[in-house]
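So in the working numbering the end of the sequence shown lands on 974, straight run, no missing numbers. C-beta atoms are modelled at their ideal positions from N, C-alpha and C, and glycine is treated no differently. Below is one structure; the comments refer to it alone.
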Amino acid sequence: MSGFADFPLAKGLAAVVDPLVAGIVDGTGSELLDQVTPVTAELLRFWFQKDYCDLRELNFHVGQRAAILNVIYAHEVLGTTRLRDLYEAVAAEPMLEGGVLGEVVRERHDHPKYAAKMATGTGKTWVLNALLVWQHLNNLANPQDPRFSSNFLLVAPGLIVYERLLDSFQGKEQGGERDFTTSDIYRQQDLFIPDTYRTQVFAFLQSSVVTKSEIGRKVTGSGMIAITNWHLLAGKEDPDFLDDGEIEAPGAEIDPKAAVESFFPLTPGTSAGNSLDVLDRRFLRGGPLQALKDLPDLVVFNDEAHHIHEVRKADEVTDVEWQKSLSEIASTKGRRFTQIDFSATPYNEVGAGRSKGKAYFPHIVVDFDLKSAMRAGLVKSLALDKRKEIAALPLDFKAERDEQKRVTGLSSGQRVMLQAGLKKLQILEDQFAEADPNKHPKLLVVCEDTTVTPHVVDYLQSTGLSDDDILRVDSGRKAELGPKDWEPIREKLFDVDRHKQPKVIVSVLMLREGFDVNNIAVIVPLRSSQASILLEQTIGRGLRLMWRGDPSIDELKAETRKRISEGLEPTNYFDVLFIVEHPAFSDFYDELLSGGLMVETGEDSGTTGATGDLEHVDLRPGYQAYDFEIPVILRDADEVLRQPSVDPLTLSASPYPLELLLKSIGKGDRFVSHDAQTGTQYGDYRVDCGVLTATGYNDYLSRMTTRITEALGRTMTKSQSKYNENAKFPILQAYRPLLTGWLDTYIRRRLFDQEFDPLAEENWRVLLLDDVAHSIAGTFATKLVEMQESQVVASAEVQHRSLSEVTRIPVRSSTAEEVNKCIYPKLAIPSHGGGLERRFIRWADKDSGVEALAKVHEYRHEFLRRPYLKADGMPAQYSPDFLIRTPSTVYVVETKAQSALSDENVQRKQKAALAWCEQINELPEVQRDGRVWAYVLLGETIVDEWHKKNATVTDLLDYARLRKTDTTRQARLF
């Protein structure tokens with residue numbers, strides 16, 4: 001099956017889908033949005049449109065986006081019901097090569113089937129979550145659509161992945177209870193689910209998850225999310241499927257019916273109305289297999305799917321028994337059975353010796369490999385720790401055993417490797433502690449088998465490590481302790497990132513998948529197996545990023561990736577994974593080295609600083625003279641809002657001519673409109689015979705009212721508790737009925753500068769166009785902002801924050817600028833594109849009229865982040881570049897390249913900053929240190945011109961300060 005190694009489906013789909021992505025991201029529109037359901041279009045905008053992404057700290061990266069889009073395009077747009085149909089649609093020519101056709105026409109591929117090849121650490125579970133939300137919401141919107149389902153089966157390869165999936169959907173377990181608020185989908189709801197759908201999705205998740213222990217006992221009402229491991233689905237813990245052993249399956253066939261004998265004796269409730277007595281009868285007459293086959297639809301997500309497709313018998317590739325059971329379950333459902341697989345290694349190893357090869361899955365629809373992930377900086381870089389003593393001595397790297405093959409101790413080679421790993425760990429611990437004392441690098445030791453791990457623990461203790469420094473995790477230890485004592489170890493394992501101890505984790509194969517922690521920085525592989533899957537899985541345990549969100553460190557990491565790609569040793573060790581060399585891994589290492597994914601580090605690498613040229617600058621002695629006291633207004637002066645009065649007939653008309661719009665949209669029933677502000681859907685009401693009902697029009701007005709009022713009252717906070725507190729007093733809520741009436745009048749009499757009846761013929765369709773909806777919302781939002789007037793009845797509540805609360809900042813010594821009039825003796829300057837900032841800092845530092853200056857750290861001085869409304873009406877945040885203090889004024893300064901000054905969003909930031917300064921200036925002088933606050937936007941040209949003329953910075957700032965000509969108080973919106 002060599003033809004699958006080129007991933008023909010992934011390439012064919014990418015050729016079609018990739019050109020459609022830009023229009024989704026920039027919000028200009030994409031053909032893809034017209035080809036999918038209204039629900040899917042809304043989700044794609046919410047997930048990928050830049051306006052929404054800018055509001056979130058976390059977003060899908062390009063690999064996750066490709067996986068989601070390719071699956072959705074293949075399933076929803078192409079609508080193929082067999083793997084063969086998908087090949088005919090996007091990979092017709094490759095289907096005729098290399099035995100591809102013979103595989104794809106096999107009966108087991110006669111249902112929708114997709115596989116995502118994604119490197120370890122790149123977030124496969126988030127893709128799974130997104131696709132589950134996509135399926136469920138579409139099924140709710142149209143239960144009769146055969147493409148969608150609310151019945152899900154999540155199949156894990158073993159305990160660790162099983163627990164990870166439960167964490168993702170039910171939340172982390174502490175004290176025997178799972179907290180839903182710690183689940184992935186709840187914690188990242190801003191990423192996964194538009195506001196309008198969250199109640200539905202959360203209710204589904206909290207009522208429909210079926211755990212392994214509840215299988216056959218829990219009946220759900222509106223679908224299910226069943227989570228289990230594939231061992232259970234094979235009917236028993238078959239010896240062919242070992243937790244801590246090689247992946248071999250020489251055993252006998254298992255009856256497909258027996259494969260599900262212990263699974264799902266009860267069918268969950270569906271729209272067909274399965275009552276308890278019906279379920280009981282079904283269980284009695286057909287058992288679990290019949291119950292599964294009777295489900296009207298099912299989506300199966302196979303996590304780490306290389307376990308469950310095929311295994312090696314002799315040198316032939318055959319189906320595993322669970323895959324046969326899947327095929328039988330699918331046989332009654334046709335296209336309403338969908339299979340989606342995830343794996344970093346979606347292949348089976350076939351042959352042996354020189355004839356050994358990889359048989360890739362035929363249904364891979366996206367290929368986001370390790371090389372792509374590393375080049376994008378989404379996972380750690382790799383360094384091979386190649387020690388001279390390892391290269392020079394002919395050491396045995398297998399444990400010492402007696403005549404009965406019982407382990408008697410570690411070999412000298414294994415001890416040398418452990419010494420090398422401990423030495424590297426100590427270097428990282430000492431130097432990372434200076435960068436961030438809350439970062440705790442870990443060493444992972446992967447052993448031959450469970451009989452070796454106790455000897456590794458004994459050796460580590462002999463080097464001076466305590467019991468608390470070492471965590472042994474393997475099936476042997478689990479069996480020794482029993483379930484009750486094992487649970488605290490499991491909880492400790494998944495929380496290792498936050499604690500200094502344990503320092504070393506010792507395992508066999510239990511952690512080869514699903515062990516999703518960030519701080520594994522050194523791996524010592526003591527296994528002798530040369531199986532490619534196991535080698536890749538071993539490395540995968542340490543690939544997740546440890547360092548995020550610091551611009552200086554991000555620069556150093558980018559330099560490391562560049563140096564490694566050029567075969568050069570890194571100059572720092574931020575997010576570098578060190579693997580202590582093992583001779584059995586040589587071929588695999590060579591492949592990584594030749595691909596520019598790994599670099600060798602030798603004995604002299606001990607002189608390389610783990611943190612490169614990063615240094616942490618503390619407050620200077622006497623910093624108080626240069627500190628800034630920032631008035632943070634927690635609550636404006638209590639105000640009584642005067643009832644707004646808007647004459648809709650005086651508002652500006654739409655720039656879009658009605659005749660042109662009517663001609664463009666034509667006639668027909670297909671329509672959709674989405675709110676780019678809150679994700680509110682406008683096209684989800686009933687249209688009978690092409691005529692909008694009065695109820696539907698009233699619903700439109702209600703949704704538009706909600707959109708405008710929520711846009712004006714949106715609270716900029718990531719904290720749910722703060723949002724709930726701040727949202728108790730939403731702006732304009734009391735006047736929503738008035739606004740609805742104004743909207744109706746405006747639409748009927750002013751929108752198109754002529755009389756307009758939305759209920760006549762198909763006129764209503766123009767209201768569903770995004771541009772028209774944006775125009776209406778923007779017109780009213782602007783007017784209502786202007787109309788906001790209030791009467792002060794109590795003084796404002798103000799909290800003062802100091803820049804010196806951030807006692808230490810990271811800078812790169814090679815690019816930092818030394819300063820005198822700042823709380824820090826050095827300030828960070830970007831290594832690329834920082835010329836204007838450097839010139840401005842030097843100029844200001846020498847100006848005798850400047851008392852103090854500060855460069856705002858975007859991530860650490862969070863209280864200086866300012867909200868503003870972008871050009872498209874979306875709320876966003878930004879941080880100013882500098883604060884400059886003179887005897888009479890505090891200047892909020894932003895420096896921009898000349899080309900950026902005319903950008904509309906830059907101008908909107910300018911208005912918001914000016915409004916903020918005005919708000920501060922309204923405070924009593926004692927609350928703002930007797931100084932006036934002013935905002936200055938400086939382009940590169942004016943800075944250079946005034947500097948050449950020997951003017952002072954204070955002269956320029958006073959000249960360029962923005963004076964408000966419009967009394968609009970934008971900051972009050974937030």
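Inset, instruction - Could you pull the start and end residues of the alpha helix (DSSP H) that residue 454 belongs to? - result: Start at 1 with the first residue of the sequence shown, and residue 454 comes out as number 454. 453 to 462 is the extent of the alpha helix (DSSP H) around residue 454.
Legend entry - Close Cβ partners of residue 248 (< 6 angstroms) along its chain, the five nearest in sequence each way excluded: Your numbering for residue 248 matches position 248 in the sequence shown. Bear in mind that the predicted position of residue 248 carries a pLDDT of just 36, short of 50, making it unreliable; the figure below should be weighed with that in mind. Counting only Cβ-Cβ distances below 6 angstroms, and skipping sequence neighbours, we find nothing.
Inset, instruction - Answer yes if the stretch 654 to 665 comes into contact with the stretch 853 to 865, meaning at least three C-beta pairs across the two stretches below 8 angstroms, and no otherwise. - result: no
Legend entry - Own chain residues within Cβ distance below 8 angstroms of residue 171, not counting five before or after: Here residue 171 refers to the residue found at position 171 of the sequence shown. Only 178, 179, 180, 181, 182, 183, 186 meet the Cβ criterion.
Inset, instruction - Whole angstroms is fine: what's the gap from residue 11's alpha carbon to residue 365's? - result: Walking along the sequence shown from the start, residue 11 turns up at place 11. Walking along the sequence shown from the start, residue 365 turns up at place 365. Looking at the two C-alpha atoms, the distance is approximately 8 angstroms.
Legend entry - As assigned by DSSP and simplified to three states, the class of residue 154: For the purposes of this step, residue 154 is identified with residue 154 of the sequence shown, where counting begins at 1. Here residue 154 sits in strand by DSSP.
Inset, instruction - For residue 804, I'd like the list of residues in its chain whose CB is within less than 7 angstroms of its CB, leaving aside the five on either flank, ordered along the chain. - result: Counted from its first residue, the sequence shown places residue 804 at position 804. Cβ within range, chain order: 619, 623, 627, 823.
Inset, instruction - Take the Cβ of residue 852 as the centre, count every other Cβ of all protein chains shown within 10 Å, and call the residue buried at 16 or more, exposed below. - result: Within the sequence shown, numbered from 1, the residue matching residue 852 stands at position 852. Residue 852 should be labelled buried.
Legend entry - Which residues DSSP lists as bridging residue 192, in chain order: Position 192 of the sequence shown, counted from the start, is the residue given in the question as residue 192. DSSP output for residue 192 lists no bridge partner at all.
Inset, instruction - Could you tell me the distance, in whole angstroms, from the CA atom of residue 270 to the CA atom of residue 136? - result: Reading the sequence shown from its first residue, position 270 is the one you call residue 270. Reading the sequence shown from its first residue, position 136 is the one you call residue 136. Confidence is the limiting factor: at residue 270 the pLDDT is only 42, short of 50, which leaves the residue's position unreliable, though a coordinate-based value still follows. Whole-angstrom Cα-Cα distance: 13 angstroms.
Inset, instruction - Take residue 138 and list the residues in its own chain whose beta-carbon comes closer than 7 angstroms to its own, dropping the five residues that flank it on each side. - result: Walking along the sequence shown from the start, residue 138 turns up at place 138. Once the five neighbours on either side are set aside, the close Cβ partners of residue 138 are 37, 39, 40, 145, 148.
Legend entry - Local Cβ density within 10 Å of residue 93, reported as buried at 16 or more and exposed below that: Stepping through the sequence shown from its first residue, residue 93 is reached at position 93. Classification for residue 93: exposed.
Inset, instruction - Kindly list the residues whose CB is nearer than 6 angstroms to the CB of residue 117, restricted to its own chain and excluding five residues on each side of it in sequence; keep chain order. - result: Locating residue 117 in the sequence shown gives position 117, where the first residue counts as 1. Hits under 6 angstroms: 346, 364, 367.
Legend entry - residue 174 - partner residues in DSSP beta bridges: Your numbering for residue 174 matches position 174 in the sequence shown. DSSP lists 177 as partners of residue 174.
Legend entry - Strand pairing of residue 471, partner residues [DSSP]: For the purposes of this step, residue 471 is taken as the residue at position 471 of the sequence shown. Answer by DSSP bridge pairing, in chain order: 505.
Legend entry - residue 78 vs residue 90 beta-carbon contact at 9 angstroms: For the purposes of this step, residue 78 is taken as residue 78 along the sequence shown, with counting starting at 1. For the purposes of this step, residue 90 is taken as residue 90 along the sequence shown, with counting starting at 1. Going by C-beta atoms, residue 78 is nearer than 9 angstroms to residue 90.
Inset, instruction - Note down the Cα distance separating residue 379 from residue 858, rounded to an integer number of angstroms. - result: In the sequence shown, counting from the first residue as 1, residue 379 sits at position 379. In the sequence shown, counting from the first residue as 1, residue 858 sits at position 858. The straight-line gap from Cα to Cα measures roughly 24 angstroms.
Inset, instruction - Look up residue 368 in the DSSP assignment and give the residues it is bridged to. - result: Along the sequence shown, one-based indexing puts residue 368 at 368. Answer by DSSP bridge pairing, in chain order: 118.
Legend entry - Reduced DSSP secondary structure (H/G/I, E/B, other) of residue 520: Locating residue 520 in the sequence shown gives position 520, where the first residue counts as 1. The answer is strand: DSSP assigns residue 520 an E or B state.
Legend entry - Three-state secondary structure assigned by DSSP to residue 202: Along the sequence shown, one-based indexing puts residue 202 at 202. Three-state result, residue 202: helix.
Inset, instruction - Could you tell me if residue 4 is buried or exposed, where buried requires 16 or more neighbouring beta carbons within 10 angstroms of its beta carbon? - result: One-based indexing of the sequence shown puts residue 4 at position 4. Residue 4 should be labelled buried.
Legend entry - Element boundaries [beta strand (DSSP E), containing residue 32]: By one-based count along the sequence shown, residue 32 stands at place 32. No beta strand (DSSP E) contains residue 32, which is instead part of the alpha helix (DSSP H) from 31 to 35.
Inset, instruction - Could you give the DSSP three-state label for residue 895: helix, strand or coil? - result: Residue numbering aside, residue 895 sits at position 895 when the sequence shown is read from its first letter. Reduced to three states, the DSSP call for residue 895 is strand.
Inset, instruction - State the Cα-Cα distance for the pair residue 846 and residue 502, rounded to the nearest angstrom. - result: By one-based count along the sequence shown, residue 846 stands at place 846. By one-based count along the sequence shown, residue 502 stands at place 502. Residue 846 and residue 502: Cα-Cα distance of roughly 50 angstroms.
Inset, instruction - Look up residue 342 in the DSSP assignment and give the residues it is bridged to. - result: Residue numbering aside, residue 342 sits at position 342 when the sequence shown is read from its first letter. DSSP lists 116, 303 as partners of residue 342.
Inset, instruction - May I ask which residues mark the beginning and end of the beta strand (DSSP E) holding residue 357? - result: Along the sequence shown, one-based indexing puts residue 357 at 357. Start and end: 357 to 360.
Legend entry - Of the residues 894, 373, 926, the one placed nearest residue 799, counting alpha carbons only: The residue you call residue 799 lines up with position 799 of the sequence shown. Of the candidates 894, 373, 926, the one whose C-alpha sits nearest the C-alpha of residue 799 is 926.
Inset, instruction - Give every residue of the same chain whose Cβ lies closer than 6 angstroms to the Cβ of residue 284, excluding the five residues on either side of it in the sequence, and list them in chain order. - result: For this step, residue 284 is matched to residue 284 along the sequence shown. Only weak support is given to the placement of residue 284: the predicted model assigns it a pLDDT of 32, under 50, and the question is left unresolved by the model.
Legend entry - Separation of residue 768 from residue 130, as counted between CA atoms: Working through the sequence shown from its first residue, we reach residue 130 at position 130. Working through the sequence shown from its first residue, we reach residue 768 at position 768. The alpha-carbon atoms of residue 130 and residue 768 are separated by roughly 26 angstroms.
Inset, instruction - Please confirm if the stretch 39 to 57 is in contact with the stretch 119 to 127, defined as three or more CB-CB distances below 8 angstroms between the two stretches. - result: no
Inset, instruction - Can you give me the Cβ contacts of residue 632 inside the same chain, cut-off strictly under 6 angstroms, excluding the 5 residues immediately before and after it? - result: Within the sequence shown, the letter at position 632 stands for residue 632. Only 799, 801, 863 meet the Cβ criterion.
Legend entry - Minimum C-alpha distance to residue 840 - residue among 884, 83, 877, 469: For the purposes of this step, residue 840 is taken as the residue at position 840 of the sequence shown. Of 884, 83, 877, 469, the residue nearest in Cα terms is 884.
Legend entry - Of the residues 700, 491, 836, the one placed nearest residue 176, counting alpha carbons only: As a working mapping, residue 176 is identified with position 176 in the sequence shown. With distances taken between Cα atoms, residue 176 lies closest to 491.
Inset, instruction - Determine, using beta-carbon pairs with one atom in the stretch 402 to 412 and one in the stretch 421 to 429, whether at least three such pairs fall under 8 angstroms. - result: no
Legend entry - Own chain residues within Cβ distance below 7 angstroms of residue 206, not counting five before or after: To locate residue 206, count along the sequence shown from 1; it is residue 206. Only 180 meet the Cβ criterion.
Inset, instruction - Can you tell me which of 775, 188, 158, 418 puts its alpha carbon nearest to the alpha carbon of residue 169? - result: Taking the sequence shown and counting its residues from 1, one reaches residue 169 at position 169. Comparing Cα positions, the closest option is 188.
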